[in-house]
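Below you'll find the structure, written out as structure tokens, and then a few comments.
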Amino acid sequence: MDINIFKGYLKNRLFLILLIAASLLVVFFITIFFGKLSKKNDIPVTPMTLQIELAQSSDMKLQLQNIKLVEGYSADYQFRFPNNYYQIDQNDRQGKNIFHGQTPSKVTIIEERFSTNNLEEEFHNQKEELRGTIILNLPYYKNAESIRFSDELNKEVLNIKLTDHLLTEPELSNHCGDGICADNENILFCSKDCKIILGL
Amino acid sequence: MKKIVSMIILLFLIVSFSYGVSAQQSNDLSAQAEKKRQAILRDILMNLFNLSGNNVSVTPSPSSISPTVLPSSTPTQRSVTPNISNEVQSGVLQVDWVYAGQGICWSAWTVGGICTLSSHEGGILPPSMKDFNRDGVIDVECSEGDGSRHATTIKNISNSPITIDCQRYACRSCTSGNGTTAQCDGNIDSRALRVVDTITLTPGCTATCTINGASGTCIETTPTGTGTQPSPSVLPSPTPNFVSPTVTVVTTPVVTPTTLPTNQPQATPTPISDRDQACIPIEVNGSSSDKLDIVIYGGDYTPDLFPFFLVDAQRAVDELRRTNLTNYQSQILNKMNWYVFNNIKILGNKTLTKDDAQAIVATQTTCPQDRYLILVNKMYVGGVSRMGIGGAVGRGSFNNPNYLVSAHEWGHYVGFLSDEYDAGKYFTSNCTTQPSDSKPIRDPCPDDGISACTNENDPIYAEPCPAWDCSKKSCDTLQQQLYLGSGCYPRCGIVGAYRARPQSVMDRSFFSNVTDDTGKFNGPSLYNIIRKLESYN
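As they're listed, the protein sequences go chains Y and V. Oh and the first sequence: position 148 is 147 in numbering that gives the first Met the number 0, straight run, nothing missing. Oh and the second sequence: position 300 is 299 in numbering that gives the first Met the number 0, straight run, nothing missing.
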């Protein structure tokens, strides 16, 4: 074989390999960068939620009523309340904190009806209430071992050992197209849900 | 050149492969039953909203509408008088193809079963009105019919691309220009809500405008504004085969809306996206774990009023952009995601009552939810807020473009802000009981719904209350920035407390006494909102 033809053959092959590698790199870059890296924290966004029902007593203690895994998205509980809140901490088997959030312990309710031409007809009512039954949709961590609830002064009001409860993972349906760009979705694999995050 | 082409082809193949994998994954995940369920739901939605596909043929033939329902006169050549009956559960929807401010093709129909007006679908006459470039040849064809399609289709029969608007209107009453045919646009009802999609129609292309937006196989979409503001002067003829030598564009709405001051930020509306999703994104700024996710529920909207609910939901979100929060985009507005809970998709074709909505807000996991907002399909103006949990707003709160009730309630359930009128209680987030040394005693902006502000810039009020006076207390950088311009005005939740500005979103001046301050959250309020959202990205 002519050495020049062989060189050309090798050159073409090398070019093809480089082309494939470059293309894969581009796809990888798009998928990863616009997918997971666009997320700025590690709270899972998956269609699996740890739903907890708590009963609140008048002394602000909490009692577990129900705990289960449900299909769907959780809240993130990252809002910082000025006062009257519980702290929520999920810890793993090593005792390391993997989630911290807050939820109100008391709620101020403001009801107002306006009259556009007669102030006498207006109605306003404002009151503060304990929450009574609290339902939380917490992010689900497979490695979580306990969930600790504490008051504003970090005094524990409830500690749930997850190993004491049988948590059955529900069978998940296809969530691509439900409007939420979950962690396992990205612009390539579920553009319908994820394009909006890119402002497309 | 060859190399570039082969690179493009290879890239295309890889991307196609990725999509293939995605589709395969979907197939693996979806059970047969799920597919069937989705197909049924899709059918329901198609029927519910009369979604039209892209294969609708254009029928430029004469209308088949019975002449008895047509006006014998030329109604669009004079100013039309709104014929608005105040039916709560009924209304008119209209879709138009609008070119250069002129309605070209349209369809309007009633919803709610109470209005007795006739539906219709047609296009502007004489045909010369469809000759956009004035070359003597008409450029577009419009579909015609009895309005039962709830859609209007346009075909570009010219040789040039045409940029045209798909405008959708929602009127909450039985509106008509002539008393017999349904018609809903800004000239008929100044409160008509409008959503606009601008598209470019390539030669030979056909596109359909439905209440869900523009669709077509060969259109190019140009994202534009939608608006909950009154529509511009677009007045298509209400009848499909109405023949008129001239078509008058009425430039003055019959009902003149009260508009916000021109220096107030106007809404930068967001298109409502795919309505087939269980959780319809209204405004998404990032991953739900990074944002405060607010989910909007429609309470007491019957299934056929779902499009109204979506327009109201959009208005509720856009209302925040009519305040000074637009100056704090990255610190406040971009830290929230807004979704609509698609109860039709999830619960079926039935009405979600206000009580139903209130009952499911805690347990639903269809949408990620940090706060909820229930829009109640009742005519009252006002709402209920549960601080840190969520709120509800009566639909009457959207009756006037000046009203900022939804933004006011947001100030409660997200911002933990106090009312700044005399409400019986106050919170220190935006109120203080300690007056400035000037001892302001009289309220320069009486909260009586009648009087205008007088003397509000008097130095007696301009001196800040000690709580917001960074020359007297230690302030962080943000406080120094935001407290600037704060004064000390008597009345904030209670008579004995003080607010930082004479008016704000948290009082009720947007009903009667609109000034520059009406659409603004004051400095202390902004500071508290920003600090509470700090954990979000």
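Just so you know, even glycine gets a beta-carbon here, dropped at the ideal spot from N, CA and C.
- Within its own chain, the residues whose Cβ lies closer than 7 angstroms to the Cβ of A466(V), once the five positions on either side in sequence are excluded, are T431, Q433, listed in chain order.
- Residues T350 of the same chain have their beta carbon placed closer than 6 angstroms to that of T301(V), with the five preceding and five following residues left out of the count.
- Spanning the alpha carbons of I493(V) and V195(V) requires a straight line of approximately 43 angstroms.
- Close to chain Y, meaning a Cβ-Cβ distance shorter than 7 angstroms, are the following residues of the stretch 277-288 of chain V: A277, C278, I279, P280, V283, G285, S286, S287, S288.
- Straight-line spacing of the CA atoms in L135(Y) and K60(Y) works out to 16 angstroms.
- Within the same chain, and ignoring the five residues on either side of Q62(Y) in sequence, the residues whose Cβ sits closer than 6 angstroms to its Cβ are A54.
- Taking C-beta separations shorter than 8 angstroms and ignoring five residues to either side along the sequence, the partners of S149(Y) in its chain run Y85, Q86, D88, E155, V156, following chain order.
- Shortest Cα-Cα distance from Y535(V) to any of V91(V), G285(V), C469(V), S172(V) involves G285(V).
- The stretch 481-499 of chain V and the stretch 452-466 of chain V touch, with three or more beta-carbon pairs separated by less than 8 angstroms.
- Residues are counted here when their Cβ sits less than 9 angstroms from a Cβ of chain Y; for the stretch 520-536 of chain V these are N527, R530, K531, L532, E533, S534, Y535, N536, given in chain order.
- Here the alpha carbons of I2(Y) and R12(Y) stand approximately 15 angstroms from one another.
- Within the stretch 54-79 of chain Y, the residues whose Cβ lies closer than 9 angstroms to any Cβ of chain V are, in chain order, V69, E70, G71, Y72, S73, A74, D75, Y76, Q77, F78, R79.
- Looking from the CA of Q328(V), the closest CA among W108(V), I529(V), R314(V) belongs to I529(V).
- Chain V has a Cβ within less than 9 angstroms of the Cβ of E110(Y).
- Looking at the DSSP output, G297(V) sits in a beta bridge with L374(V).
- With a cut-off of 8 angstroms on Cβ pairs, the stretch 316-324 of chain V is in contact with the stretch 405-412 of chain V, counting three or more such pairs.
- In the three-state scheme derived from DSSP, where H, G and I count as helix and E and B as strand, G203(V) is classed as coil.
- With its beta carbon at least 9 angstroms from every one in chain V, H164(Y) lies outside the interface.
- For C193(Y), the enclosing alpha helix (DSSP H) stretches over residues 190-193.
- Nearest CB-CB separation between T167(Y) and chain V: not below the 9 angstroms threshold.
- Proximity of chain V to D177(Y) at the Cβ level (cut-off 8 angstroms) is accounted for by Q276, A277, C278, T365, in chain order.
- Under the DSSP assignment, I186(Y) falls outside any alpha helix (DSSP H); it carries neither an H nor an E label.
- The Cβ of T476(V) sits no closer than 9 angstroms to any Cβ of chain Y.
- Residue-level contact check: K129(V) does not touch chain Y, since none of the beta carbons of chain Y fall below 9 angstroms from its beta carbon.
- Within its own chain, the residues whose Cβ lies closer than 6 angstroms to the Cβ of G146(V), once the five positions on either side in sequence are excluded, are S106, W108, S118, H119, E120, listed in chain order.
- Using beta-carbon distances, S149(Y) does not count as an interface residue toward chain V, since no partner is under 9 angstroms.
- If you draw a straight line from the Cα of N155(V) to the Cα of I103(V), it is about 12 angstroms long.
- Among the residues facing chain Y, T517(V) is not included, as its CB has no counterpart in that chain under 9 angstroms away.
- Beta bridge pairing from DSSP links W105(V) with D95(V), G121(V).
- Contact annotation, C278(V) with D75(Y): C-beta distance approximately 15 angstroms; criterion of less than 8 angstroms not satisfied.
- In terms of beta-carbon proximity, K95(Y) stays away from the interface with chain V, with every pair separated by 9 angstroms or more.
- If you draw a straight line from the Cα of V106(Y) to the Cα of R130(Y), it comes to about 7 angstroms.
- Boundaries of the beta strand (DSSP E) harbouring G390(V): 389-393, taken from the DSSP string.
- Beta-bridge partners assigned by DSSP to E140(V): K154(V).
- Chain-order list of chain Y residues neighbouring V383(V): I108, I109, E110, E111, by C-beta distance under 8 angstroms.
- Of all residues in the stretch 399-415 of chain V, those with a C-beta nearer than 9 angstroms to a C-beta of chain Y are N399, Y402, V404, H407, E408, H411, Y412, V413, F415, reading in chain order.
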